[in-house]
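Chains A and B are the protein sequences, given in the same order. Residue 426 is where the first sequence ends in the working numbering, and the numbering goes up by one at each step. Residue 526 is where the second sequence ends in the working numbering, and the numbering goes up by one at each step. All remarks here apply to the structure that follows.
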Amino acid sequence: MKKALVIGIDGVPYDLLDELIQRGVMKGLKAILDSGYSLYRMKASLPDISSVSWTSFMTGVNPGEHGIFGFTELAPKTYELYFPNSKDIKAPFFWQSLKNKNLIRQSLILNIPNTYPAFPVDGLLVSGFVAIDFDRAVYPPDYILILKEKGYVIDVDLMKVREDRDGFYRDLLESIRIRQDISQWLLNEKDWDISIVCITETDRLHHFFFHQKETSLFDDFYKKVDDFIARIYKTAQKRYGDDICFLILSDHGFVELDTEVNLNAYLQEAGILKIDKSREFYEKIDKGTIAFAMDPGRIYINYKGRFPRGSVRVEETEAVKKQIKESLFNLRDKKGQRIIRHVFEKEEIYRGRFIDYGPDLVCIPDNGFDLKGNLRKDTIFTKDIFEGMHTWDNAVLIVPKNIKVDGEINIEFPSRIITDYFEKR
Amino acid sequence: MDHYDMLESKSIYIIREAYYRFRDIAMLWSVGKDSTTLLWLIRKAFFGKIPFPIIHIDTSYKFPEMYQFRDRLSKEWGFELIVGRNEEKLAEGMGPGKGMKLECCTELKTNALKQVIKKYGFKAIFLGIRRDEHGIRAKERYFSPRDEQFQWNYENQPAEIWDQYKSFLYEEEHYRVHPILHFTELDIWQYVKREGLPIVDLYLSKGGKRYRSIGCVPCCSPVESDAATIDDIIEEIKTSKQSERAGRAQDKENIYTMQKLRALGYM
């Protein structure tokens, strides 16, 4: 019987992982690679955030087909803020498709972002970020109490880092330990054909500690990650033999963050965005607005008919896009450095039925400039507590050497390896 | 019969039906306008004498005006009041401002209610929710079963047509009963006016602001309004396009989601 195991390492960049392997920090992973696996650089989804990228992984399709474009969205024809979740995913998950073809029976889906609320699977699903109510994060529900009793944590307390960095770091280590114990237990306890286990703690470490990536703080942490990977792999091997299909992947990369760039503050300055401060959130967008930004670098044109106070007519699209792009490329920091590296138009990057719900433009910044879409900040450049930012083009994928990987790959690709594996006779 | 008589008699029918089915029943009173309206209807249904206890879930973060109102009304109307507090979590310092925001509502509201239901063995609870409050509530039934995990399976509910209600219960379940499901926000205010019902004065405008929905102090904010009387409120709601829960920042899950996203630098 065929088995597939996937370990997700949220926010781990190709270069960092490569370096940690070279330096001998990740001995377990090194041994796995030496036994016949290769490391590839992979592109994340656009935008490069977890909910979008993991959904692209789970469905094998782009946001134009699965319908998730960010952690935040505006409800159709309004400026009303809306938080998409698993119910908004409009494409089938690859394990569902395999199940429908009777190629697999049971799946074990642990901690993948954007799987909340938990939905039915044959097997077990425990939701990842942003799961807020544990009682709705587990399917089937008989596992709610079992996991609670075992001390399962969905995520560490993210507010704690502002008060107690050391404590937060310890929490991350503890959280990985619990995740490892419970994942190992489940891999033995449940029958499964596909298991996917995600670590979120790496992303959390990077958000708050990435400037310390050359210190022992990182090395110590990654030794635990290494142990996690090695033990989970070994547990699966022990149970089902050596020829399981095994992948490791991250959903986006990371670099050090120099400054946050509040795109809406800039668009206001450039006369592209008008704000009414008396209102809340995106309701603030006022008459006369040409375009506005949502996290991280999504630009929406304020079309008449698409938004209540929209003013741009469809005929004006080309002219408006040109104006916005020019403004964005003109943006410089205090030292005169360019900030926006590239601006994609939606037609270039999205295909499918839901393309109309996506942003009109997606900006890719130069490293160090973290693009933000909030409407609260009046100044373009701000610096908060964050030391790392997501990147698009250096996620990582580890696959068996015999798998052919050609040219540029992105996060829609890995599920195809698993699908092919189960489909081939 | 006018519109409000019809709303009222439909509610009273459901209240009596539920009481006939479940003697181990209680009502959840948030002290807000909707559940106070429900309390009034229950009083009417039993000719002034409420035959079961009224539960107030006290998170300890409610407005002082709400506590005063609660104590005053329970004395004046003479019903048995059960105050449910998750004392264990309160002692641990649980609260929206104390780091563990994400569990605050679950612990201080949901689990406090679970504790009360368990302690008294209630098989059914009256709630003053309305269909027009929120999208998900539009899917509610008058008789709404919950399983032992407190979960509501809204994709598989008994149909309720032609006043036929499913009120059979498995051992581990309990029912939520929603007698004012068919009231709208405007109906509530019109009915409050007609019946001369008391309300917490937080709903009335002071200094250009009023609360349209009330709950815990840290999680409620007033909306801009000059409506200082019930008549003003009725006028305002007739013309307002703002959602009723706009002042509740967002809904519970949304608040939590937002906090989590903000903690990672989004929003």
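C-beta: ideal position from N, C-alpha, C; glycine also. For clarity, every value in this text was computed on a predicted model and none was experimentally measured.
Candidates the options: closest to residue i by CA position
i	options	result
A:Asp334	A:Met59, A:Tyr422, A:Ser184 and A:Thr380	A:Thr380
A:His391	A:Phe255, A:Asp385, A:Gly242 and A:Leu188	A:Phe255
A:Glu81	A:Arg310, A:Ile110, A:Ser54 and A:Thr203	A:Arg310
B:Val290	B:His315, B:Gln416 and B:Lys348	B:His315
B:Ile271	B:Tyr320, B:Asp460, B:Trp288 and B:Ile309	B:Ile309
B:Lys465	B:Ile458, B:Val476, B:Arg280 and B:Pro481	B:Pro481
A:Pro48	A:Phe330, A:Phe345 and A:Phe229	A:Phe345
A:Phe209	A:Ala5, A:Asp385, A:Arg426 and A:Asp19	A:Asp385
A:Leu329	A:Glu316, A:His343 and A:His253	A:His343
Residue range of the unbroken beta strand (DSSP E) whose run includes residue i
i	result
A:His343	Ile341 to Glu346
A:Tyr38	Tyr38 to Met43
B:Phe219	One cannot answer for residue 219 of chain B here, as it falls past the ends of chain B, which runs 260 to 526.
A:Arg299	Arg299 to Ile302
B:Ile284	Ile284 to Leu287
Spatial neighbours of residue i in its chain, beta-carbon cut-off 6 Å, leaving aside the 5 residues before and after
i	result
B:Glu339	Pro312
A:Gly369	Asp259
A:Lys151	Ile183
A:Gln107	Asp123, Gly124, Asp192, Trp193 and Asp194
A:Leu268	Leu274
A:Pro297	Pro48 and Leu372
B:Leu287	Ile314, Ile384 and Leu386
Reduced DSSP category for residue i - H, G, I as helix; E, B as strand; rest coil
i	result
B:Pro323	helix
B:Ile492	helix
A:Asp22	Before going further, note that residue 22 of chain A is Ile rather than Asp in the sequence given. In the structure shown, A:Ile22 sits in a helix (DSSP, three-state: H, G or I).
A:His253	coil
A:Val162	helix
A:Glu124	It should be pointed out that residue 124 of chain A corresponds to Gly in this sequence rather than to Glu. A:Gly124: strand per DSSP, three-state reduction.
A:Gly65	helix
B:His433	strand
B:Pro477	helix
A:Arg232	helix
B:Gly358	Any reading at B:Gly358 needs caution, since the residue's pLDDT is 45, under 50, leaving its predicted position unreliable; the model's value is listed next. In this structure, B:Gly358 counts as coil in the three-state DSSP scheme.
A:Asn115	coil
B:Ile341	strand
A:Phe219	helix
A:Tyr140	strand
B:Ala383	strand
A:Ser108	strand
A:Ser87	helix
B:Lys465	strand
A:Leu148	helix
Residue-level contact to chain E via CB, residue i, 8 Å cutoff
i	result
A:Leu159	Reference to chain E is not applicable here, since the protein chains of this structure are A and B.
Beta-carbon proximity list for residue i, same chain, < 8 Å, skipping 5 on both sides
i	result
A:Ser416	Phe58, Met59, Thr60, Gly61 and Phe95
A:Leu34	Ile22, Leu40 and Ile399
B:Met353	Asn345, Met359, Glu362, Cys363, Glu366 and Leu367
A:Asn303	Ile286, Thr290, Ile291, Ala292, Phe293, Arg310, Gly311, Ser312 and Val313
B:Ile496	Glu444, Leu445 and Trp448
A:Ser438	Residue 438 of chain A lies beyond the residue range present for chain A, which begins at 2 and ends at 426; the question has no answer from this structure.
A:Tyr422	Lys3, Ala5 and Cys246
A:Val321	Ile291, Ala292, Ile302 and Val313
B:Gly380	Asp283
Endpoints, alpha helix (DSSP H) assigned at residue i
i	result
A:Ser52	Ser51 to Thr60
B:Val451	Glu444 to Glu454
A:Gly29	Lys28 to Asp35
B:Arg389	Segment: none, B:Arg389 is in no alpha helix (DSSP H) and carries neither H nor E.
A:Phe423	Pro415 to Glu424
B:Leu297	Lys292 to Ala304
B:Lys378	Ala371 to Tyr379
A:Asn263	Looking at the DSSP string, A:Asn263 is not in any alpha helix (DSSP H); the run it does join, the beta strand (DSSP E), is Thr260 to Asn263.
A:Leu274	A:Leu274 -> no alpha helix (DSSP H), and no H or E assigned at all.
Own chain, CB closer than 7 Å to residue i, minus 5 neighbours either side, in chain order
i	result
B:Ile489	Trp448, Val451 and Lys452
A:Glu413	Ser57, Gly61, Val62 and Asn63
A:Leu75	Glu81, Leu82, Tyr83 and Tyr283
A:Lys305	Gly311, Ser312, Val313 and Arg314
Is the number of C-beta pairs between the region 84–99 of chain A and the region 108–123 of chain A that are closer than 8 Å three or more?
yes
Hey, is the region 435–443 of chain B in contact with the region 288–299 of chain B, meaning 3+ C-beta pairs nearer than 8 Å?
yes
If contact is defined by three or more beta carbon pairs under 8 Å, each pair taking one atom from either stretch, is the region 355–375 of chain A in contact with the region 172–191 of chain A?
no
Does the region 99–115 of chain A come within contact of the region 264–273 of chain B, defined as at least 3 CB pairs closer than 8 Å?
no
Does the structure place the region 268–276 of chain A close enough to the region 337–355 of chain A that three or more beta carbon pairs sit under 8 Å?
no
Taking contact to mean 3 or more Cβ pairs, one atom from each stretch, closer than 8 Å, check whether the region 372–391 of chain B and the region 276–293 of chain B are in contact.
yes
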